[in-house]
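Novice: Under this note's numbering, the very last position in the sequence shown is 796; numbers go up by exactly one each time.
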Amino acid sequence: MIEKYVNSSAVEVKISDEIPSAAPIVEGKLYRIGQIGSFVKFPIGSLLLYGVVSSVSNTPAKEQNDEIPNYGSRYLTVQLIGEKQGDDGFQKGVGFYPTINDEVHLVTENDLLDIYGSRDEIGLVKVGTHSSSERLPVFLDLDKLILRHSAILGSTGSGKSNTTAHILKSIVNNNQGSRVVLIDIHGEYKDAFPGESKVLKINDSINPLYLPFWLMNFDELSMFLVNRPFGQEWPQDKRLRQEITERKILNAENLKAGRVNNEFVTSDSPIPFDIKELWYDLCRERVATYTTSQKPQQNIDTEATCTDEGSFPDLKAPVFEPYAMGINPPFKSQINDMETYEKKILSKLKDSRFNFMFDVGEYNDSENFDLDHLLRSWIEHDKPLTILDLSGVPFELIDLTVGIISRFIFDGMYWGRNEQYTGRQRPLLMVYEEAHSYLPHNSEGKSILGYSRKAVEKIYKEGRKFGLGSMVITQRPSEISHTILAQVGTFIALRLTNTSDKSTVSSSAPNNMTSLIDLLPSLRVGEAIIVGESIKVPSRVRIPKVEPRPSSNDPEVSTHWQQQFNENEENYKQVVTSIRIQKPIQRR
Ligand SMILES: Nc1ncnc2c1ncn2[C@@H]1O[C@H](COP(=O)(O)OP(=O)(O)OP(=O)(O)O)[C@@H](O)[C@H]1O
Ligand SMILES: [Mg+2]
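1) Have a look at the DSSP bridge pairing and note the partners of S263.
2) Starting from Q293, follow its DSSP beta bridges and name the residues at the other end.
3) Quick check on N459: buried or exposed, where buried means 16 or more other Cβ atoms within 10 Å of its Cβ?
4) Can you tell me which residues form a DSSP beta bridge with C514?
5) Do you know how far the Cα of I330 is from the Cα of D310?
6) Considering only DSSP beta bridges, list what H338 is partnered with.
7) Do three or more CB pairs link the region 544 to 564 to the region 489 to 498 at distances below 8 Å?
8) What three-state label does DSSP hand F566 in the structure shown?
9) Considering only C-alpha positions, which residue in the set S759, E642, N776 and L657 is nearest to I363?
10) I'd like the ranges of any beta strand (DSSP E) spanning at least 3 consecutive residues and lying wholly in the region 578 to 665.
11) Closer than 6 Å: is that where the CB of S369 sits relative to any heavy atom of ligand 3?
12) Output needed for K503: all residues of its chain with C-beta closer than 8 Å, excluding positions within five of it in sequence on either side, in chain order.
13) Given E317, which residues of its chain have a CB within under 8 Å of its CB, disregarding the five upstream and five downstream residues?
14) Check whether the Cβ of S812 lies closer than 6 Å to any heavy atom of ligand 1, and answer yes or no.
15) If you reduce the DSSP assignment to three classes, tell me which class F250 lands in.
16) Sort S742, S263, N470 and V601 by Cα distance to H394 and report the nearest one.
17) At the level of alpha carbons, what is the spacing between D607 and V389?
18) So which of V680, Q628, T630 and F674 has the shortest CA-CA distance to Y646?
19) Does the Cβ of N572 have 16 or more other Cβ atoms within 10 Å, making it buried, or fewer, making it exposed?
20) Just to check my reading of the structure: W586 and I617 have Cβ atoms closer than 8 Å, yes? What is that Cβ distance to the nearest angstrom?
21) Between which two residues does the alpha helix (DSSP H) harbouring P443 extend?
22) Under three-state DSSP, which class holds P345?
23) What would DSSP say about S501, mapped onto helix, strand or coil?
24) If I measure Cβ to Cβ from E461 and keep anything under 6 Å in the same chain, skipping five residues before and after, which residues do I get?
25) Within 10 angstroms of the Cβ of R584, are there 16 or more other Cβ atoms? Answer buried if so, exposed if not.
26) Measuring CA to CA, which of D522, R387, Q444 and G631 is closest to M638?
27) With distances taken Cα to Cα, identify the nearest neighbour of G290 among E665, L320 and L579.
28) Taking the runs of the beta strand (DSSP E) that are 3 residues or longer, which of them lie wholly in the region 352 to 439?
29) Could you tell me the alpha carbon to alpha carbon distance between V335 and F674, rounded to whole angstroms?
30) Please confirm whether D580 and L463 have their CB atoms less than 7 Å apart.
31) Please classify F298: does DSSP put it in a helix, a strand, or coil?
32) In three-state DSSP terms, what is K237?
33) Between which two residues does the beta strand (DSSP E) containing E220 stretch?
34) I'd like the span of the alpha helix (DSSP H) that includes V713, first residue to last.
35) Touching or not, the region 656 to 668 and the region 688 to 703, by the rule of three or more beta carbon pairs under 8 Å?
36) What is the residue span of the beta strand (DSSP E) that V315 lies within?
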């Protein structure tokens with residue numbers, strides 16, 4: 209092959225007329241010259257430049273005219289990707305360029321073994337084998353994969369969950385001190401990591417996932433409890449803020465993980481307080497009757513006789529002597545400005561779906577278990593992988609839940625950045641499955657308010673410095689936050705058919721790799737184009753099927769629809785119960 213035309217990264221190569229066949233056999237292996245995505249090399253003295261074929265045509269690029277279809281394959285456009293000097297290893301990027309009429313050679317499997325590197329080096333993650341050869345393992349650089357962030361993209365059923373499980377297995381099995389937290393919103397992964405993971409799940413009897421409501425800042429908590437829009441500061445909001453701050457100040461002195469001075473406590477501080485008591489107090493001032501017709505003043509007890517104190521742990525309101533008509537005591541309460549908020553808070557407290565936030569076991573008693581214990585239960589235990597199974601989290605709370613978890617872990621890594629046991633000394637990978645559900649770039653008109661997006665964007669922008677890396681997995685890359693995509697260092701793109709998703713990937717991926725991205729719709733299940741910082745050369749890779757699998761197998765329609773089904777009156781009763789209580793059916 210001879211080179212015809214060179215610009216800064218692309219080289220046009222003419223296939224020599226003397227080549228007898230477009231499919232020569234070299235050392236017993238058949239090669240196909242000019243396959244898109246295949247490699248060629250340019251020997252220049254002791255330097256070898258490597259390139260990848262990005263397009264094939266029967267006309268030189270300069271003469272190509274869009275109206276004339278290109279048949280045949282005498283001209284190849286090649287993107288330069290790296291070089292190898294003498295016996296040194298392969299390096300990404302080129303310092304020299306070939307010139308007109310330099311020779312171009314086929315790359316054999318042995319050359320590729322050279323490029324892809326050795327097998328046993330520390331810091332490499334085996335991701336699969338090269339599509340052109342089962343003999344050719346493909347490795348990713350662990351440091352760059354984690355801290356420069358990554359994304360696994362592909363249409364539904366293209367094999368993302370399998371790829372994720374395979375990569376994570378590769379990581380945790382070869383790095384005994386690894387720390388990975390997987391956000392699993394459909395509860396798919398626990399089966400795939402029986403020995404390597406700790407699974408935290410809402411309502412689980414052994415490892416329940418708790419997310420104390422007081423971890424939320426005031427904006428988040430007030431949005432959740434009373435639907436207060438961001439920025440609104442009505443008198444009711446001021447009162448709520450003040451009530452919460454006062455309660456946090458009272459508790460700040462008794463914290464197990466460290467006392468906090470009053471002046472540092474705000475309504476946003478992650479300090480426990482009793483929300484049931486807050487509800488009770490708001491309720492009591494409204495339902496009470498009084499010995500005076502004036503609004504009760506602070507510290508002056510004007511309450512009339514209470515016939516039943518009620519109970520705040522049981523959410524039972526107190527009962528007072530009924531008010532009399534006219535000018536005689538007891539008088540009706542003059543306070544009702546907080547009534548709407550008080551009722552909204554009660555309905556949240558009574559909703560069993562939110563128990564994982566309100567009934568948080570010993571965490572509500574900060575003298576027993578404080579946040580250090582919660583953080584350790586997520587990121588520091590004897591397993592390299594924590595699966596946070598959010599399948600029981602109500603859909604409308606996914607955004608908030610992922611947001612709080614991500615922010616808390618980020619804060620833990622940020623403030624612990626110089627500690628021996630975390631931060632830069634013990635990096636951590638956050639993995640976000642089904643990220644399009646809660647990390648959309650445009651949440652207008654959706655129930656998602658961007659809590660998780662803000663927290664995860666922060667990890668993508670700043671996490672690297674504190675040892676925090678991230679991986680997103682999604683079937684809709686075009687819907688994902690652009691800030692996140694812009695910070696992705698490694699793209700693992702499986703089959704992707706939607707045009708806007710494909711163009712999002714091609715505009716985010718390294719710009720000379722668009723020809724590889726064009727292959728996305730034609731990839732097989734479990735096949736990926738990998739480009740970016742952690743891979744030496746952009747490659748088309750086959751990812752093996754993992755065993756045991758994540759529980760995401762396609763249901764077998766043809767098998768199930770062959771069977772006659774027997775109707776039964778009992779059917780669906782349990783399903784409806786599950787819909788009502790938002791808990792899955794327990795199988796015996
Ligand atoms: N490497 C592979 N080789 C062969 N089959 C595979 C491979 N990866 C996945 N599959 C099969 O394809 C199906 C879908 O796989 P998977 O659940 O990983 O896809 P997905 O992209 O995560 O889908 P979704 O978007 O619905 O989450 C499964 O039945 C799985 O067994
Ligand atoms: Mg999946």
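Glycine is no exception: its CB is placed at the ideal position from the N, C-alpha and C atoms.
Specialist: Working from what's here:
1) T285
2) L255
3) buried
4) F528
5) 38 Å
6) V749
7) yes
8) helix
9) Before going further, note that residue 363 is Ser rather than Ile in the sequence given. With distances taken between Cα atoms, S363 lies closest to E642.
10) 593 to 597 and 636 to 640
11) Ligand 3 is absent from the structure shown, which contains only ligand 1 and ligand 2.
12) Q542 and I543
13) E235, K237, S341, R343 and L344
14) A query on residue 812 cannot be resolved here, the shown segment of the chain reaching from 209 to 796 and no further.
15) strand
16) V601
17) 17 Å
18) V680
19) buried
20) 7 Å
21) P443 to A460
22) strand
23) coil
24) R467
25) exposed
26) R387
27) L320
28) 358 to 361, 388 to 392 and 405 to 409
29) 26 Å
30) no
31) strand
32) strand
33) A218 to K222
34) T707 to S716
35) yes
36) No beta strand (DSSP E) holds V315; DSSP gives it neither H nor E.
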